[in-house]
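Engineer: Below you'll find the structure I mean.
Number of protein chains: 2
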Amino acid sequence: MSHEEAYRGRRVLITGGLGFIGSNLARRLADLGAEVALVDSLIPEYGGNRANIAGIEDRVAVHVSDVRDADSLPALLRGHELVFNLAGQTSHVDSLHDPYTDLEINCRAQLSILETVRHENPEAKVVFASTRQLYGRPEYLPVDERHPLAPVDPNGVNKAAGEWYHLVYGRIYGLRCTVLRLTNTYGPRMRVKDDRQTFLGTWLRRAVEGEELLVFGDGTQRRDFTYVDDAVEAFLLAGARAEADGEVFNVGGEPPVSLAELAELLVELAGGGSWRLVPFPEERRSIDIGDYYADDSKLRGRLGWAPRVGLREGLERSLAFYREHGASYW
Amino acid sequence: MSHEEAYRGRRVLITGGLGFIGSNLARRLADLGAEVALVDSLIPEYGGNRANIAGIEDRVAVHVSDVRDADSLPALLRGHELVFNLAGQTSHVDSLHDPYTDLEINCRAQLSILETVRHENPEAKVVFASTRQLYGRPEYLPVDERHPLAPVDPNGVNKAAGEWYHLVYGRIYGLRCTVLRLTNTYGPRMRVKDDRQTFLGTWLRRAVEGEELLVFGDGTQRRDFTYVDDAVEAFLLAGARAEADGEVFNVGGEPPVSLAELAELLVELAGGGSWRLVPFPEERRSIDIGDYYADDSKLRGRLGWAPRVGLREGLERSLAFYREHGASYW
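Line order of the protein sequences matches chains A and B.
For the first sequence, numbering that gives the first Met the number 0 assigns the number 0 to the initial residue and increments by one for each residue that follows.
For the second sequence, numbering that gives the first Met the number 0 assigns the number 0 to the initial residue and increments by one for each residue that follows.
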């Protein structure tokens, strides 16, 4: 049975399900015949957006609920065979201004989710969306899963704790948990209102509007990018494959590019706009991690994952999406 | 100026100051002429005990307060030149039964302490009591500071987060923080009521009372032990030396011994009692880390630390202490 067939008729819950990756995952799961429920707080500053499930509204159940509300978790989690746990506060800068909220969502709520799974639903498979932010400033490149963890901001600390709870609950209580450490993921349905979650969202919007893209620093920082469909594929593989239980996988993508190259490509593809270098805002400089790109050979080797959408094609699809649907995302 | 002279007249706060290591540190600081204030919640299940400051009551200020009470922290932390941050929930088994309390103390309260230092007292030096528990089951021995972190229980996860907040706040906001990762620390004033914090406390008590010591498993697990005066010396060095800022140090001790050897030695020194092997309780087995001993060459090399009290002498002193003061600790 392929990992895709494995989802037919399965009861699947996605936390953060109206968000960028969660909603793309939901769309794919609905198409694969899964019974999909979504939990999302729809907090305006985060990534949840009802427009993200346009066209599949009648095929998914939506619970507007916050994972910090531990009392609601038993009823939400009970009965699901798979939990894709994507709810998170993803803004690094926000975690400087309000580290407590970041802690409550990325750390404490994760503990609540796992305590609930343990007591209510111990057979469920859990796939957790973690982040390359745990590694901090890379000591070597590409960064594999053995790279030391050294988060540079409260968000990284709290995400590390959230990830470890999954691994610890797996080991102590036998829960089946898999961790995916994501890098820059991009594509349709990402938040493009501001640069809270990612600079690339703002860039996409500015490129569509023919405006100038601002590149912090000297533009030489190299990063890797995952098109959202490829990230979704990693979640599906992790959820379906028993050999992923208890494991941590980097999710990478195409070869890394510098931010200046990326800006140049985006302007070229958008057929308008421009970009320029500006000094790093002080606050962002203090938490910048410099060059990063993932060694994702573990994910490729063990689960047979491979990215299918290159950067150029992914950006073209993204621009096309926002040209058509911008009104729901601006 | 020696690191000891550096404390004369300095205003020093110790969180967890009525606990085992905190109170031994307080006694030493009072003798060195520091102006010492202690914060302790005196929660019965934790290590705080008023008997721990017997004889120095008039030379230290005691605030019965809980570090989870963020509103009290500004008034407590303001004006101190050094903060020895030792308040913590240290029971691994308790962290299984109540992971939320562990999170509140070891994770969230640490964030509150650092936010408060940042806003109220950014010049203060902070020394944080971390733990070898962050390493989990060692991949190699002895364990140096570069060993991967892989906590095995919620306590280890939360302590890791607490430690990282210190390092992150150091890097982002310029706070002067040092982290000491402690191994088994023992000596006078440790909690011996039960084996909540450490098996060795119970063993000391049973040895004094001529009772049988229970050794879990096959007794071959090897561990290292730090006599509390040597641990105190590590805190004093870390607090006084600028080159310790932003650094993490393992604190070890004498060469490791097996738990069976330790039990045998303790029975010999106590001149009575006995020991025997018993199967690991299931819950403890699930979080046991096996053999552990620290490579503490960084602490020795950079700060000139060296343990002065060997295991035999340390156990003798401990037994003598509890023979005399048992009534306050049983």
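Note that beta-carbon positions come from the ideal geometry of N, C-alpha and C, so glycine has one too.
Only a predicted model underlies this, so the values are computations on that prediction, with no experimental measurement involved.
What whole-angstrom Cβ distance do F234 of chain B and V277 of chain B have, given they're in contact under 8 Å?
Structural biologist: Not confirmed; about 35 Å, so no contact.
Engineer: Does the contact criterion of 3 or more C-beta pairs under 8 Å hold for the segment 166-174 of chain B versus the segment 26-35 of chain B?
Structural biologist: The segment 166-174 of chain B is not in contact with the segment 26-35 of chain B.
Engineer: Below 8 Å, how does it come out for the segment 12-19 of chain A and the segment 152-162 of chain A: are there three or more Cβ pairs, yes or no?
Structural biologist: Output reads no: the segment 152-162 of chain A does not touch the segment 12-19 of chain A.
Engineer: Going by beta carbon distance, what residues of the same chain come within less than 7 Å of L318 of chain A, once the five residues before and after it are set aside?
Structural biologist: The answer, listed in chain order, is L203, A206, V207, L268 and A269.
Engineer: Give the residues of chain B in contact with Y330 of chain A, contact being defined as C-beta atoms less than 9 Å apart.
Structural biologist: There is no way to answer for residue 330 of chain A, as the model of chain A reaches only from 0 to 329.
Engineer: Taking the alpha-carbon positions, what's the Y168 of chain B to M0 of chain A distance?
Structural biologist: Y168 of chain B and M0 of chain A: Cα-Cα distance of roughly 49 Å.
Engineer: Below 7 Å on C-beta distance, what does I286 of chain B contact in chain A?
Structural biologist: By Cβ distance, chain A contributes I171.
Engineer: So N120 of chain A is in the alpha helix (DSSP H); what residue range does that whole segment cover?
Structural biologist: Careful: N120 of chain A lies outside any alpha helix (DSSP H) and carries neither H nor E.
Engineer: Spatial neighbours of H2 of chain A within its chain, please: C-beta separation below 6 Å, excluding the five flanking residues on both sides.
Structural biologist: Excluding residues within five positions, the ones whose Cβ falls inside 6 Å are L235, L236 and A239.
Engineer: Output needed for Q109 of chain B: all residues of its chain with C-beta closer than 6 Å, excluding positions within five of it in sequence on either side, in chain order.
Structural biologist: Excluding positions up to five away in sequence, the list reads G161 and Y164.
Engineer: Return the Cβ separation of R67 of chain B and I104 of chain B in integer angstroms, given the expectation that the two are a contact with Cβ distance under 8 Å.
Structural biologist: With 8 Å as the limit, R67 of chain B and I104 of chain B qualify as a contact, their Cβ atoms being about 6 Å apart.
Engineer: Are there 16 or more other CB atoms within 10 angstroms of the CB of D70 of chain B, so buried, or fewer, so exposed?
Structural biologist: D70 of chain B comes out exposed.
Engineer: The beta strand (DSSP E) that contains S273 of chain B, what's its start and end?
Structural biologist: From DSSP, the beta strand (DSSP E) with S273 of chain B extends over S273 to V277.
Engineer: Can you tell me whether DSSP reads E34 of chain B as helix, strand or coil?
Structural biologist: E34 of chain B falls in the strand class under three-state DSSP.
Engineer: At a cut of 8 Å, does the segment 113-121 of chain A reach the segment 129-147 of chain B through at least three beta carbon pairs?
Structural biologist: As far as the Cβ criterion goes, the segment 113-121 of chain A does not touch the segment 129-147 of chain B, which means the pair count is below three.
Engineer: Is I286 of chain B closer than 7 Å to V151 of chain B when the C-beta atoms are compared?
Structural biologist: Yes, the Cβ-Cβ distance between V151 of chain B and I286 of chain B is below 7 Å.
Engineer: Looking only at its own chain, which residues have a Cβ that is under 7 Å from the Cβ of A123 of chain A, when we skip the five neighbours before and after it?
Structural biologist: Within the same chain, A123 of chain A has close Cβ partners H79, E80, L81, V82 and V116.
Engineer: Taking CB distances under 7 Å as the criterion, tell me whether L235 of chain B reaches chain A.
Structural biologist: No - not a single Cβ of chain A is within 7 Å of the one on L235 of chain B.
Engineer: Using the Cα positions of P280 of chain B and A259 of chain B, report the straight-line distance between them to the nearest angstrom.
Structural biologist: P280 of chain B and A259 of chain B: Cα-Cα distance of roughly 17 Å.
Engineer: Can you pull the chain A residues whose beta carbon is under 8 Å from the beta carbon of P150 of chain B, in chain order?
Structural biologist: Within 8 Å Cβ-Cβ: W163 and V167.
Engineer: For D244 of chain B, collect the residues of the same chain with a Cβ closer than 6 Å to its Cβ; drop the 5 residues on either side in sequence, then sort them by chain order.
Structural biologist: The answer, listed in chain order, is R175.
Engineer: Determine, using beta carbons only, whether L75 of chain B and E119 of chain B come nearer to each other than 7 Å.
Structural biologist: No, the Cβ-Cβ distance between L75 of chain B and E119 of chain B is not below 7 Å.
Engineer: Assuming F19 of chain B contacts R188 of chain B (C-beta within less than 8 Å), just tell me the rounded distance between them.
Structural biologist: Going by Cβ atoms, the distance from F19 of chain B to R188 of chain B rounds to 5 Å, so yes, they are a contact pair.
Engineer: Using 10 angstroms around the beta-carbon of S273 of chain A, count the other beta-carbons present and answer buried if the total reaches 16, otherwise exposed.
Structural biologist: Classification of S273 of chain A: exposed, given that the 10 Å Cβ count is below 16.
Engineer: Quick one: which chain A residues come within Cβ less than 7 Å of L37 of chain B?
Structural biologist: Under the 7 Å cutoff, chain A gives no residues; its nearest Cβ is about 26 Å from L37 of chain B.
Engineer: Quick check: is the beta carbon of L110 of chain B nearer than 7 Å to any beta carbon in chain A?
Structural biologist: Yes, contact with chain A.
Engineer: Which residue or residues does DSSP assign as beta-bridge partners of E211 of chain B?
Structural biologist: DSSP output for E211 of chain B lists B:S273 as bridge partner(s).
Engineer: By the 10 Å Cβ neighbour count, where 16 or more other Cβ atoms means buried, how is E232 of chain B classified, buried or exposed?
Structural biologist: Answer is buried; the Cβ neighbour count reaches 16.
Engineer: For S22 of chain B, does the three-state DSSP call read helix, strand or coil?
Structural biologist: Three-state DSSP puts S22 of chain B in a helix.
Engineer: Count Cβ pairs between the segment 37-45 of chain B and the segment 55-65 of chain B that sit closer than 8 Å; are there 3 or more?
Structural biologist: Because the criterion of three Cβ pairs below 8 Å is met, the segment 37-45 of chain B and the segment 55-65 of chain B touch.
Engineer: Taking just the CA atoms, how far does G200 of chain B sit from A50 of chain B?
Structural biologist: Going from the Cα of A50 of chain B to the Cα of G200 of chain B covers about 16 Å.
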